[in-house]
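S.K.: Numbering (the working numbering), first residue to last: -9 to 219.
The beta carbon of each residue, even a glycine, is placed where N, CA and C say it ideally should be.
Before we start, here is the structure in question, set down as C-alpha cells.
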Ligand SMILES: Nc1nc2c(ncn2[C@@H]2O[C@H](COP(=O)(O)OP(=O)(O)O)[C@@H](O)[C@H]2O)c(=O)[nH]1
Ligand SMILES: [Mg+2]
C-alpha cells in the first residue's frame, strides 16, 4: 500500500486541529488548545485502491515555527490553512508558502491553500477571489472549508491524494523511460498534477475507516520531536 505524509500548516487558531479531527474522527472540537501537535494515520480508498495517509497537525504557534523546516522536509504534501475571518492569518500564510517553495526547490506541489471557517460569512475579511488569486500565483489548489459544518473537509485530502498519485506515477514513468533510453531524458514531458479550485459539493470517494490505524500513533517524526507531542 502506498504511504503519503501530509503536513497541516498555518497560523494558530485558524482551525488546523479542527479540520484534522473532522477528517480523522468525524467530530468537531469547540475547544482551542494552541499547543496540540499530533500525528494521525488514516487508510483511505481512492479509485479502488487503498492508500495510507500520515497526517501531521502542527501547532503553528510562534515559538514552534523553527520546526517548520523539519516538517516541510519530511512532507509529501501540504495543507496551508488561514481563516476567512482573519486578514492577518491570510497575510501570514505567504511566508509559509515561500518556505515550502524554498525547501522543495520552487515546486511546492502538492499543496492546497484552505480558507477555513467559511460558516462565519458575516465576519469575512478575505473574499473567495483573494484566496483563488493567491493559489493561482502560488500554482496550487484552493478550497474554502468549514470544519464546524463539515464542509469540503474530505475534498482537501482527496485533492492532495490525486495530485500525489499523479506526481508519483509521472516520476515512475520518467524513471522507467530514463532507464530504458538515455535520449528520452531530453524529450519527455512530465505530467504535473493540475491544481484545482473547488466549489462546495460532496463527490468524494468513500473513506475506509480502518479502526486501529485511526488512533493517534507516534510516527518516526513524532518520536524525533516527542518533546512537543
Ligand atoms: N466557526 C468555526 N470555528 C472553527 C472552525 N474550525 C475551527 N474553529 C474554532 O477555532 C478555534 C481554533 O481551532 P483549532 O483547530 O484549535 O485551531 P489551530 O490552532 O489552527 O489548530 C477553536 O475554538 C475551533 O472550535 C470552523 O470551521 N468554523
Ligand atoms: Mg491546533
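Between which two residues does the beta strand (DSSP E) harbouring residue -7 extend?
M.R.: -8 to -1
S.K.: Within this structure, are the beta carbons of residue 109 and residue 144 separated by less than 8 angstroms?
M.R.: Cβ atoms of residue 109 and residue 144: not closer than 8 angstroms.
S.K.: Would you give the residue range spanned by the alpha helix (DSSP H) that residue 124 belongs to?
M.R.: Where residue 124 is concerned, the enclosing alpha helix (DSSP H) stretches over 118 to 128.
S.K.: If you follow the beta strand (DSSP E) that residue 41 is in, where does it begin and where does it stop?
M.R.: Judged by DSSP secondary structure, residue 41 falls within the beta strand (DSSP E) whose first and last residues are 39 to 47.
S.K.: To which residues of the same chain is residue 179 closer than 6 angstroms at the C-beta, ignoring the five residues directly before and after it?
M.R.: Reliability of the predicted coordinates at residue 179 is poor, the pLDDT of 49 falling under 50, and no value is obtained from them.
S.K.: In this structure, how does DSSP classify residue 104 when only helix, strand and coil are distinguished?
M.R.: In the three-state DSSP reduction, residue 104 falls in the strand class (E or B).
S.K.: If we call anything under 8 angstroms between Cβ atoms a contact, is residue 7 one with residue -3?
M.R.: no
S.K.: Does ligand 1 have a heavy atom nearer than 7 angstroms to the CB of residue 70?
M.R.: no
S.K.: Assign residue 90 to one of three DSSP states: helix, strand, or coil.
M.R.: helix
S.K.: On the criterion of 16 or more Cβ atoms from any shown chain inside 10 Å, does residue 25 qualify as buried, or is it exposed?
M.R.: Residue 25 is exposed by the Cβ-count criterion.
S.K.: Report all residues from its chain with a CB closer than 8 angstroms to the CB of residue 93; omit the five preceding and five following residues, and keep chain order.
M.R.: 59, 62 and 63
S.K.: With a threshold of 7 angstroms (Cβ to nearest heavy atom), would residue 137 be considered close to ligand 2?
M.R.: The nearest non-hydrogen atom of ligand 2 is 7 angstroms or more from the C-beta of residue 137.
S.K.: Please say whether residue 70 and residue -1 have beta carbons closer to each other than 8 angstroms?
M.R.: yes
S.K.: Using only the heavy atoms of ligand 2, determine whether one of them is closer than 7 angstroms to the beta carbon of residue 21.
M.R.: Flag unset: Cβ of residue 21 not near ligand 2.
S.K.: When the Cβ atoms of the stretch 71 to 84 are set against those of the stretch 113 to 120, are three or more pairs found closer than 8 angstroms?
M.R.: yes
S.K.: So does residue 110 have its beta carbon nearer than 7 angstroms to some heavy atom of ligand 1?
M.R.: yes
S.K.: Hey, would you say residue 234 sits closer than 8 angstroms to residue 150, going by beta carbons?
M.R.: Not covered by the structure: residue 234. The range shown for the chain is -9 to 219.
S.K.: Using three-state DSSP, classify residue 97 as helix, strand or coil.
M.R.: coil
S.K.: With a threshold of 16 other CB atoms inside 10 Å of the CB of residue 22, please say whether the residue is buried or exposed.
M.R.: So residue 22 counts as exposed.
S.K.: Considering only their Cβ atoms, is the gap separating residue 30 from residue 10 smaller than 8 angstroms?
M.R.: Contact annotation: residue 10 and residue 30 have beta-carbon atoms nearer than 8 angstroms.
S.K.: Check whether the Cβ of residue 47 lies closer than 7 angstroms to any heavy atom of ligand 2, and answer yes or no.
M.R.: yes
S.K.: For a test of the three-state rule: what should DSSP assign to residue 244, helix, strand or coil?
M.R.: Nothing can be reported for residue 244: it is not among the residues displayed for the chain, which extend from -9 to 219.
S.K.: For the candidate residues 122, 153 and 68, whose alpha-carbon lies nearest to that of residue 48?
M.R.: Out of 122, 153 and 68, 68 has the C-alpha closest to the C-alpha of residue 48.
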